[in-house]
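In my numbering, the protein residues as written are 12 to 495.
Glycine included, each C-beta is placed from N, C-alpha and C at the ideal position.
Bear in mind that the values here come from a model prediction, so they are computed numbers and not experimental data.
Notes follow once the structure below has been shown.
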RNA sequence: GGCGGCAUAGCCAAGUGGCUAAGGCAGCGGUCUGCAAAACCGUUAUUCACCGGUUCGAAUCCGGUUGCCGCCUCCA
């Protein structure tokens with residue numbers, strides 16, 4: 012079963028065929044580190060995290076490159092405002108990136124290059140473009156000439172004439188064509204700068220990705236990813252430069268994720284709905300956020316609404332309840348007990364169906380549908396038969412199904428926690444619990460129940476409910492849990 | 001002005017030519033329970049924004065209408 016990916020450059024799904032058998036080169040545009048990451052960055056990063064995980068699960072040898080843009084106008088501006096060195100500011104927000112994304116279960120990429128470490132290469136590429144006649148200088152600036160490259164616009168499906176006709180951009184007189192873009196930008200006094208043949212300055216916006224992808228993946232590589240908004244002009248420009256300088260095909264597949272809105276509005280500082288990962292984590296468990304961001308197909312726009320996230324949380328709770336029930340029956344299935352190796356060998360009908368779904372352009376929403384089907388099925392198996400017991404046959408089947416489910420979860424970066432821990436974390440922000448007090452009340456209620464004093468029993472249950480404690484009376488006695 | 005996307009039940013969301021339109025949340029009925037909780041079973045779209053067309057057959061393809069959104073300028 013072949014993996015199909017939607018290739019933005021041809022606007023169609025295509026069967027993915029790697030450049031080199033068994034290997035995947037993946038380059039994804041990371042973040043510009045001048046502020047905290049928001050929920051939209053989280054979506055993009057998680058989507059490509061899942062893509063990389065999935066390729067690995069399918070046995071590909073993946074080289075995943077995700078960059079940091081650590082030099083740019085916004086960083087300089089922000090640094091000035093905060094009276095910090097741009098480098099220091101960038102480092103701070105790189106740390107914040109790791110902290111936030113780490114909580115969301117995002118794995119490190121194989122290579123995480125920073126633009127400022129590649130300035131030499133960028134100067135070199137600019138020089139190549141000059142030498143080959145694709146670029147020109149004007150003052151201390153170097154521009155890429157879009158007219159010099161006939162393929163310009165083909166990635167994003169535009170042509171220069173149409174854009175010229177509708178352009179609202181104030182035309183920079185120094186540019187020969189309004190769409191020409193900067194390769195090298197002369198520095199103003201006090202700004203970060205590097206010496207170059209054209210005088211002190213810094214690289215233009217698009218150059219770093221051309222250089223770093225070339226360095227780590229070569230002039231032709233498999234997949235280039237990023238947010239939908241990067242398609243134009245960033246990726247168009249990046250591709251033009253790379254094709255002209257590196258003699259390759261550049262990226263063969265272009266994958267772009269859709270945007271996140273918040274309560275139906277585009278995120279913006281002025282609307283005050285700029286939702287950082289950090290703020291979202293104050294309200295929601297990280298796996299709830301991750302599940303939410305994967306609950307819709309990655310190319311579709313996704314609206315972050317408190318109500319919908321709460322709904323998804325109920326679903327995740329159901330999954331973890333089943334996993335906990337399973338643990339009680341079979342013993343833990345995560346952590347030390349099951350080694351990575353045995354889990355990665357887990358296969359069967361469910362896992363195959365899951366992969367089929369993921370093969371279809373990474374249909375995580377459909378795959379989650381399968382997960383919920385499986386949860387119901389496993390709960391059914393755990394419901395006692397006529398003799399009040401679970402059969403041996405059911406037990407062994409459950410073991411295999413859990414392995415498959417957790418393996419799928421590994422790919423999605425979900426269901427990775429110990430269930431007890433999960434529920435504790437989910438409940439803890441809202442409630443202070445006094446375990447002794449709860450235990451005492453539960454015991455008192457149990458005695459009342461033995462005496463068939465239902466009135467007292469129910470009063471205590473209501474009292475506990477007030478405290479955020481839910482009771483479950485079972486054949487082995489009463490258990491309690493924090494309401495979530 | 002140019003280019004592109006989306007419209008599926010109360011809400012969220014799969015499905016893109018053909019058996020009964022996944023799944024989740026919420027609701028309702030039932031099993032279990034002293035009553036609950038949890039779990040399970042059943043149920044909630046003769047219908048996929050609207051109008052035409054192609055086809056033996058369309059939510060799925062084509063044309064038009066309406067509505068929403070994105071990109072064209074830094075942006076995941």
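Three or more Cβ pairs closer than 8 Å define a contact, and the segment 152-163 meets that threshold against the segment 241-251. For residue 206, the closest of 271, 185, 132 by C-alpha to C-alpha distance is 132. Unbroken beta strand (DSSP E) stretches of 3 residues or longer found wholly inside the segment 148-178: 152-155, given in chain order. Burial state of residue 146 is buried, judged by a 10 Å Cβ sphere holding 16 or more other Cβ atoms. Looking at the backbone, the Cα of residue 304 and that of residue 54 are separated by about 6 Å. In the structure shown, the three-state DSSP call for residue 430 is helix. About 7 Å separates the Cβ atoms of residue 123 and residue 79, confirming a contact at the 8 Å cut-off. Within the model, the alpha-carbon separation for residue 149 versus residue 190 is close to 15 Å. Closest option to residue 333, judged by alpha-carbon separation, among 48, 289, 431, 121: 431.
If you check the CB distance, residue 362 and residue 418 come in under 8 Å.
When the Cα atoms are used, residue 267 and residue 60 turn out to be separated by approximately 13 Å. In the DSSP assignment, residue 197 falls outside any alpha helix (DSSP H) and lies within the beta strand (DSSP E) extending over 192-197.
In this structure residue 219 touches residue 126 by the C-beta definition: roughly 4 Å separates them, less than 8 Å. DSSP links residue 236 through a beta bridge to 39, 266. Per DSSP, residue 331 lies in no beta strand (DSSP E) segment; the continuous alpha helix (DSSP H) that holds it begins and ends at 317-341.
Uninterrupted alpha helix (DSSP H) stretches at least 4 residues long and entirely within the segment 44-124 occur at 50-68, 84-93, 97-114, given in chain order.
Excluding five sequence positions before and after residue 313, the CB atoms of its chain that fall closer than 6 Å to its own CB belong to 271, 307, given in chain order. In its own chain, leaving out the 5 sequence neighbours on each side, no residue places its CB closer than 6 Å to the CB of residue 173. Of the other Cβ atoms in all chains shown, fewer than 16 fall within 10 Å of the Cβ of residue 321; this residue is therefore exposed. Residues 12 of the same chain have their beta carbon placed closer than 8 Å to that of residue 367, with the five preceding and five following residues left out of the count. Distances from the alpha-carbon of residue 451 to those of 238, 489, 192, 244 put 489 closest.
Within the DSSP secondary-structure output, residue 371 pairs in a beta bridge with 15. Residue ranges of uninterrupted alpha helix (DSSP H) with 4 or more members, entirely inside the segment 356-424 and ordered along the chain, are 360-370, 375-393, 403-423. By the Cβ-count criterion, residue 487 is exposed, with fewer than 16 other Cβ atoms from all chains shown falling within 10 Å of its own Cβ. Annotation: residue 40 to residue 278 spans about 20 Å, alpha carbon to alpha carbon. In the three-state reduction of the DSSP assignment, residue 261 falls in the strand class.
With respect to residue 56, residue 121 sits apart: the two C-beta atoms are not nearer than 8 Å. The beta carbons of residue 104 and residue 46 sit closer together than 8 Å. Assigned with DSSP and collapsed to three states, residue 451 falls in helix.
The beta carbons of residue 30 and residue 233 sit closer together than 8 Å. Comparing alpha carbon positions, the residue from 409, 217, 90, 198 closest to residue 192 is 217. Taking a contact as a CB-CB distance under 8 Å, the pair residue 221 and residue 112 does not count as one, their CB atoms being some 25 Å apart.
Distance between residue 386 and residue 376, taken at the CA atoms: about 15 Å. Put simply, of 463, 212, 91, 413 the residue whose alpha carbon is nearest the alpha carbon of residue 382 is 413.
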